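Numbering (UniProt numbering), first residue to last: 1 to 358.
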């Protein structure tokens, strides 16, 4: 690509957020017509039409999938996409970047407190991105909305990414981060020492693996919020075959994640360290699971909810039928995505607040 083409592409990238926010105010019928005009070839009648428009544009630009053969380039591309749709961040009264000195090494984190004068519970958040991409900035708006909606402090963890580190190293770092928060609970002035874990996609996988590993420790989380979690690398369920093309998370993405996170590190696909659905599910904390109706991961998350209930775990399950994987990252451009993200945060707090849970 020439320097001129690169400059033009940057202009297009930087205008994406404005364009999509404009499309978001069109009637659904107009969005459906635009998606067809752009040549969106997939028959998903219940899918949010704004998402159809966005995916049609991505296909035209040859940008299907978010993880490719070069992890560094995938990270740069994902960062660029998230910056392109970003706008003025939601105001949170206290936001502070932290450095956590852990047994497994020193990492960055970001702290959010919507009401510093109040004692609030705390959520340790692990970002999504297939264990390969994502960082504190790509999920900054998500954490801001979660802090407000759940009326909770949030510590977002910038864990090391694969394939540079193994699942063992990655999970140990994330568990150490949870332990660090517990050790500093007085500093955070946490309401009744209530600490939960949360994450989206790969981050939800990390959250529930950490819950499994820490359930007999002093720092075991009191609840977990799992947003469209990946929990089963071994099996492929009907939703995988129904939604593996033309959406945010594709079959190619799953293949690359499996290669980078599992195969390159000689992990068995049913090892509970990467596939928590095969782990010991007894005595896990109350679990709130969110799925998107049009998502390759939908069925495995639903099965995980059923397995947890069978083991006596209190579960609340919510499916957003018209959404696809990654919708919580679309809040800067989609009013519906923002509404649903705030809704799931509020409902998680209500679920977490039930007296039997603390």
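No residue lacks a Cβ here, since even glycine has one placed at the ideal position from N, Cα and C.
These numbers come from a predicted model, not from an experiment.
Counting only the same chain and skipping the five closest in sequence on each side, list residues whose C-beta sits under 6 Å from that of residue i.
i, result
"residue 63", "none"
"residue 304", "231 and 277"
"residue 297", "228 and 230"
"residue 131", "162, 202 and 261"
"residue 355", "none"
"residue 256", "67"
"residue 31", "49, 50 and 53"
"residue 308", "281, 287 and 315"
"residue 147", "92, 112, 114 and 154"
"residue 43", "none"
"residue 351", "288 and 316"
"residue 338", "331"
Is there a C-beta anywhere in chain C that falls below 9 Å from the one on residue i?
i, result
"residue 104", "Structure shown: chain C not included; a single protein chain is present."
When the distance is taken between beta carbons, is residue j closer than 9 Å to residue i?
i, j, result
"residue 160", "residue 264", "no"
"residue 105", "residue 174", "no"
"residue 327", "residue 272", "no"
"residue 149", "residue 345", "yes"
"residue 78", "residue 18", "no"
"residue 200", "residue 100", "no"
"residue 170", "residue 214", "no"
"residue 289", "residue 340", "no"
"residue 46", "residue 294", "yes"
"residue 118", "residue 190", "no"
"residue 335", "residue 97", "no"
"residue 233", "residue 258", "yes"
"residue 158", "residue 135", "yes"
"residue 349", "residue 152", "yes"
Using 8 Å for Cβ pairs, my map puts residue i next to residue j. What's the rounded Cβ distance?
i, j, result
"residue 49", "residue 28", "5 Å"
"residue 142", "residue 195", "At roughly 19 Å, the Cβ-Cβ gap does not stay under 8 Å, so residue 142 and residue 195 are not in contact."
"residue 89", "residue 144", "6 Å"
"residue 182", "residue 219", "4 Å"
"residue 155", "residue 102", "Actually they do not touch by this definition, with Cβ atoms about 13 Å apart."
"residue 269", "residue 325", "Not really, about 20 Å apart at Cβ, beyond 8 Å."
"residue 252", "residue 65", "5 Å"
"residue 60", "residue 38", "6 Å"
Taking the alpha helix (DSSP H) that residue i falls in, what are its first and last residues?
i, result
"residue 306", "298-310"
"residue 347", "335-352"
"residue 67", "Neither: residue 67 is in no alpha helix (DSSP H) and is coded neither H nor E."
"residue 148", "140-150"
"residue 242", "238-242"
"residue 315", "It is not in any alpha helix (DSSP H) - residue 315 instead sits in the beta strand (DSSP E) that spans 315-324."
Can you list, in chain order, the residues of its chain with a C-beta nearer than 7 Å to that of residue i? Leave out the 5 residues immediately preceding and following it.
i, result
"residue 211", "197, 221, 224, 284 and 285"
"residue 12", "For residue 12, the pLDDT reaches just 42, beneath the cut-off of 50, and the residue's location in the model is therefore unreliable, leaving the point undetermined."
"residue 167", "261, 265, 267, 273 and 274"
"residue 280", "212"
"residue 75", "133"
Let's see if you can read the secondary structure: which residues bound the beta strand (DSSP E) around residue i?
i, result
"residue 109", "105-113"
"residue 97", "94-102"
"residue 194", "190-200"
"residue 155", "153-158"
"residue 359", "Residue 359 is absent from the model: the chain starts at 1 and stops at 358."
"residue 60", "Counting along the chain, residue 60 falls outside any beta strand (DSSP E), though it belongs to the alpha helix (DSSP H) covering 49-60."
"residue 224", "223-227"
Return the chain-ordered list of same chain residues with a C-beta closer than 8 Å to the C-beta of residue i, the five sequence neighbours on each side being excluded.
i, result
"residue 140", "89, 110 and 156"
"residue 235", "300"
At a cut-off of 8 Å, is residue i close to the ligand ADP when judged by its beta-carbon and the heavy atoms of the ligand?
i, result
"residue 25", "Absence of the ligand ADP from the depicted structure is noted, as is the absence of any ligand whatsoever, leaving it without description."
- Query: Does the stretch 111-127 touch the stretch 240-247, meaning 3 or more C-beta pairs lie closer than 8 Å?
  - Reply: no
- Stretch pair the stretch 331-341 + the stretch 186-206: three plus CB contacts closer than 8 Å: no
- Query: Would you call the stretch 232-239 and the stretch 315-322 in contact, with 3 or more CB pairs under 8 Å?
  - Reply: The stretch 232-239 is not in contact with the stretch 315-322.
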